[in-house]
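Each residue of the sequence shown is one higher than the one before, starting from 1 at the first, in the working numbering.
Below: one structure, written as structure tokens.
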Amino acid sequence: MTIALAAILIILAIGWGGAMLGLQYVLGVILPLVALLVFIIGFIMRLVYWAKSPVPFAIPTTGGQEKSLDWIKPARLDSPTTTLGLIGRMALEIFAFRSLFRNTVAKRTDDNGTPRITYYSSKWLWLFALIFHYCMLVIIIRHARFLFEPVPFFINAVEFLDGILQVGAPRFFLSSGLIILALGFLLLRRICNERLRYLSLPADYFALFLLLAIVCSGICMRYMDKVDIAMVKVVLMGLVTFHLPTMEQVSQIGPIFFVHITFVSVLFIYFPFSKLMHMGGIFFSPTRNMKINTREYRHINPWNPPKKFHTYAAYEDDFRELMVEAGLPVDKELEEKTEKEPA
1 MTIALAAILI
11 ILAIGWGGAM
21 LGLQYVLGVI
31 LPLVALLVFI
41 IGFIMRLVYW
51 AKSPVPFAIP
61 TTGGQEKSLD
71 WIKPARLDSP
81 TTTLGLIGRM
91 ALEIFAFRSL
101 FRNTVAKRTD
111 DNGTPRITYY
121 SSKWLWLFAL
131 IFHYCMLVII
141 IRHARFLFEP
151 VPFFINAVEF
161 LDGILQVGAP
171 RFFLSSGLII
181 LALGFLLLRR
191 ICNERLRYLS
201 LPADYFALFL
211 LLAIVCSGIC
221 MRYMDKVDIA
231 MVKVVLMGLV
241 TFHLPTMEQV
251 SQIGPIFFVH
261 ITFVSVLFIY
271 FPFSKLMHMG
281 GIFFSPTRNM
291 KINTREYRHI
301 NPWNPPKKFH
311 TYAAYEDDFR
321 ELMVEAGLPV
331 DKELEEKTEK
341 EPA
């Protein structure tokens, strides 16, 4: 955890120090373009790699009763045997985290001196993971207003619903508070759970700290150290349309913006090479995207190269004489050789 936190502080120092030293154009224009290029290329490469990976066995996760006898009702979404059922299962997995909803926790209890392992339903991880992902989606949609002119109706609608409580001026968005709550839970869960803390790597903490840094710097930029939003939109629209802004335009934005954009750029660069790629990897997971129809169809690995088989009959034809001499049983008797009479 210390390594991950130190990395975040270094990124913070680079963003703030670069803005103070006159490197606004590097941090606000060049770095985001490089990060976006790395993100796109890395994302596509990972998807292509997964698409080309062989699936030698049928290993879909069975979440309910499989299809068997006619009088036994199958679980059509948890153990899909049809394409429609598979689409429904994937939709529930992507939009509702159905497998995470079944999360359980094991506890050791003593029943009259006899140790027992009891499993309890645990929905907290599912709830806060769902809150985090949907808040992130809302935040991304809200930020899309900086990339369009005029702003599409659905973006304005999402922003209106997100700030419908009208708390403060400027108004406080629900997604901003909820995402901090969700990230805080995920971080504390990893720190306070002794077993999970033992299994955690610096990369696990780094992703959480990086997301928290992005959210906190964005909130700070909105409510505390405010920046010229109009100029931010000019710069961002220039990046997406490849009409790069000038140094004068970029330098008019406050330092907190460059801290925020530096964190976001690091996230873009880090994303394709981290566990965050589960966003695209879920579509290529054979435990999710395969039908559970192994009772009806035999799964044949299409990546298997053609093999030349040497059958036992052919093996016996090659070594029958030696097998007979060694006293080994043979399926076909050795044919007696007849000597040809000289002419």
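Where a beta carbon is used, it is the ideal one built from N, C-alpha and C, also for glycine.
- Task: Using only alpha-carbon positions, find the residue among I44, F153, V105 and K52 that is nearest to G280.
- Result: On the sequence shown, position 280 is the one that residue 280 refers to. Nearest C-alpha to G280: I44.
- Note the first and the last residue of the continuous alpha helix (DSSP H) segment covering L223. Residue mapping note: residue 223 aligns to position 223 of the sequence shown, counting from 1. One detail in the question is off: residue 223 reads as Tyr in this sequence, not Leu. Per DSSP, Y223 is one residue of the alpha helix (DSSP H) stretching across P202 to Y223.
- Message: Just to check my reading of the structure: L27 and F258 have Cβ atoms closer than 8 Å, yes? What is that Cβ distance to the nearest angstrom?
- Response: The count along the sequence shown starts at 1 and reaches residue 27 at position 27. The count along the sequence shown starts at 1 and reaches residue 258 at position 258. About 4 Å separates the two Cβ atoms, so the contact holds.
- V215 beta carbon less than 9 Å from that of I139: Taking the first residue of the sequence shown as position 1, residue 139 is located at position 139. Taking the first residue of the sequence shown as position 1, residue 215 is located at position 215. The answer is yes: Cβ separation under 9 Å.
- Item | DSSP three-state assignment for I117, whether helix, strand or coil | Taking the sequence shown and counting its residues from 1, the one referred to as residue 117 is at position 117. Of the three classes helix, strand and coil, the one that applies to I117 here is strand, per DSSP.
- Please determine, among R108, T109, R102 and I131, the residue with the shortest C-alpha to C-alpha distance to S122. Along the sequence shown, read from residue 1 onward, the residue named residue 122 stands at position 122. Cα-wise, what sits closest to S122 is R102.
- Query: Taking the alpha carbon of A129 as the point to measure from, which residue in M290, I59, Q252 and L186 has its own alpha carbon closest?
  - Reply: Along the sequence shown, one-based indexing puts residue 129 at 129. Among M290, I59, Q252 and L186, the Cα nearest to that of A129 is on L186.
- Give the straight-line distance between the Cα atoms of E66 and R76, rounded to the nearest whole angstrom. Counting from 1 along the sequence shown, the entry for residue 66 is found at position 66. Counting from 1 along the sequence shown, the entry for residue 76 is found at position 76. Their Cα atoms are separated by approximately 8 Å.
- Is the region 231-245 in contact with the region 3-11, if contact means three or more CB pairs nearer than 8 Å? Between the region 231-245 and the region 3-11, the count of C-beta pairs closer than 8 Å stays below three; the two stretches do not touch.
- Item | Reduced DSSP category for T104 - H, G, I as helix; E, B as strand; rest coil | Here residue 104 corresponds to residue number 104 of the sequence shown, with the count starting at 1. T104 falls in the strand class under three-state DSSP.
- Message: Checking the sheet assignment: what are the DSSP bridge partners for D110?
- Response: On the sequence shown, residue 110 is found 110 positions in, with the first residue counted as 1. The partner list for D110 (beta bridge, DSSP) reads P115.
- For I300, which option in N293, I10 and P56 has the closest C-alpha, if you only look at C-alpha atoms? Translated into the one-based positions of the sequence shown, residue 300 becomes position 300. Of the candidates N293, I10 and P56, the one whose C-alpha sits nearest the C-alpha of I300 is P56.
- Item | N- and C-terminal bounds of the alpha helix (DSSP H) containing F309 | Residue mapping note: residue 309 aligns to position 309 of the sequence shown, counting from 1. Run containing F309: none; DSSP gives neither H nor E here.
- Which stretch, first to last residue, makes up the alpha helix (DSSP H) that contains Q249? Working through the sequence shown from its first residue, we reach residue 249 at position 249. Counting along the chain, the alpha helix (DSSP H) containing Q249 begins and ends at M247 to S251.
- Message: If contact is defined by three or more beta carbon pairs under 8 Å, each pair taking one atom from either stretch, is the region 244-251 in contact with the region 191-208?
- Response: Result no; under three Cβ-Cβ pairs closer than 8 Å.
- Residue from F132, S53 and A144 with nearest C-alpha to G184: On the sequence shown, residue 184 is found 184 positions in, with the first residue counted as 1. Comparing Cα-Cα distances from G184 to each of F132, S53 and A144, the minimum goes to F132.
- Query: If you drop the 5 nearest sequence neighbours on each side, which residues of the same chain put their C-beta closer than 6 Å to that of G218?
  - Reply: Against the sequence shown, residue 218 aligns to sequence position 218. Around G218: H260.
- Identify, in the order they occur along the chain, each residue of the same chain with its Cβ nearer than 6 Å to the Cβ of T338, setting aside the five sequence neighbours on each side. By 1-based counting over the sequence shown, the position of residue 338 is 338. Unreliable placement is indicated for T338, whose pLDDT of 49 sits below 50; the coordinate value is still reported in the next sentence. For T338, where only same-chain residues beyond five positions count, there are no Cβ hits under 6 Å.
- Message: Would I141 and I155 qualify as a contact pair, given that the criterion is a beta-carbon distance under 9 Å?
- Response: The residue labelled residue 141 in the question sits at position 141 within the sequence shown. The residue labelled residue 155 in the question sits at position 155 within the sequence shown. Their beta carbons are under 9 Å apart, which means I141 touches I155 by this criterion.
- Task: Look at the Cβ atom of A58, then the Cβ atom of P286, and state whether they are nearer than 9 Å.
- Result: The residue given as residue 58 occupies position 58 in the sequence shown. The residue given as residue 286 occupies position 286 in the sequence shown. With a cutoff of 9 Å on beta-carbon distance, A58 and P286 are scored as near each other.
- Quick one: residues in its chain with C-beta nearer than 6 Å to the C-beta of K107, no 5 flanking neighbours on either side, listed in chain order? For the purposes of this step, residue 107 is taken as residue 107 along the sequence shown, with counting starting at 1. Only T118 meet the Cβ criterion.
- Coarse secondary structure for G42, derived from DSSP in three states: Taking the first residue of the sequence shown as 1, we reach residue 42 at position 42. G42: helix per DSSP, three-state reduction.
- Message: Could you compute how far the alpha carbon of R320 sits from the alpha carbon of L334?
- Response: On the sequence shown, residue 320 is found 320 positions in, with the first residue counted as 1. On the sequence shown, residue 334 is found 334 positions in, with the first residue counted as 1. Those two C-alpha atoms are separated by around 7 Å.
- Item | Where K291 falls, given that 16 or more other Cβ within 10 Å makes a residue buried | Within the sequence shown, numbered from 1, the residue matching residue 291 stands at position 291. With 16 or more neighbouring CB atoms inside 10 Å of its own CB, K291 falls in the buried class.
- Message: Am I right that G42 and T262 are in contact with their C-beta atoms under 8 Å? What's the rounded C-beta distance?
- Response: Taking the sequence shown and counting its residues from 1, one reaches residue 42 at position 42. Taking the sequence shown and counting its residues from 1, one reaches residue 262 at position 262. The beta carbons of G42 and T262 sit about 19 Å from each other, so the pair does not count as a contact at 8 Å.
- Message: Between which residues of its own chain and I229 is the CB-CB distance below 6 Å, once the five residues before and five after are set aside?
- Response: As a first step, residue 229 is located in the sequence shown; it is residue number 229 there, counting from the start. Cβ neighbours of I229 beyond the five flanking positions: none.
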